[in-house]
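Since the structure comes first, as structure tokens, the remarks are kept for the end.
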Amino acid sequence: MEGQLHDMTKQRDTLIDDLSWYKAKVNRLEENNDRLTDGVKTLEIENANKLTLNWELKGYADMYKGDSDEYKTLLSEFSQHIGNKPSSSTYKYFRAKLDGLGIEEDD
Numbered sequence: 142m143e144g145q146l147h148d149m150t151k152q153r154d155t156l157i158d159d160l161s162w163y164k165a166k167v168n169r170l171e172e173n174n175d176r177l178t179d180g181v182k183t184l185e186i187e188n189a190n191k192l193t194l195n196w197e198l199k200g201y202a203d204m205y206k207g208d209s210d211e212y213k214t215l216l217s218e219f220s221q222h223i224g225n226k227p228s229s230s231t232y233k234y235f236r237a238k239l240d241g242l243g244i245e246e247d248d
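The working numbering numbers the first residue of the sequence shown as 142 and each following residue consecutively.
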């Protein structure tokens, strides 16, 4: 009987030691979880900021697309105008500039 009592006492002590180890482990996991949760919140805020910036930049892109189309039309008209006098030095100068920009002469 005494041996059994000794074994049970030993098992109890082992379980108490295990319990404190598990409590420490739970505390570490909770701290890690809190740190990761904070990291996720930070990433969510950064993502929201970048989505807002992306939306703003798309607005600028749309705005500048219209300007770009207008400028291309003006350059095309200008190209056609100087194309009417291919022998002039002004034509040759501006034609070279337009060619450098990749703007071809309209037929």
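The beta-carbon is built from N, C-alpha and C at its ideal position, and this holds for glycine as well.
- Going by other Cβ atoms of all chains shown within 10 Å of its Cβ, with 16 needed for buried, is Ser-161 buried or exposed? exposed
- Residue range of the alpha helix (DSSP H) that includes Leu-239: 230-241
- Exposure of Ser-209, with buried meaning 16 or more beta-carbon neighbours within 10 Å: exposed
- Query: Does DSSP put Glu-245 in a helix, a strand or coil?
  - Reply: coil
- Message: Considering only their Cβ atoms, is the gap separating Ile-186 from Leu-216 smaller than 8 Å?
- Response: no
- Best match in Leu-239, Ser-230, Asn-173 and Ala-202 for proximity to Gln-221 [C-alpha to C-alpha]: With respect to the C-alpha of Gln-221, the residue from Leu-239, Ser-230, Asn-173 and Ala-202 having the closest C-alpha is Leu-239.
- Item | Beta-carbon contacts of Arg-169 that lie in its chain and below 8 Å, excluding the five residues immediately before and after | none
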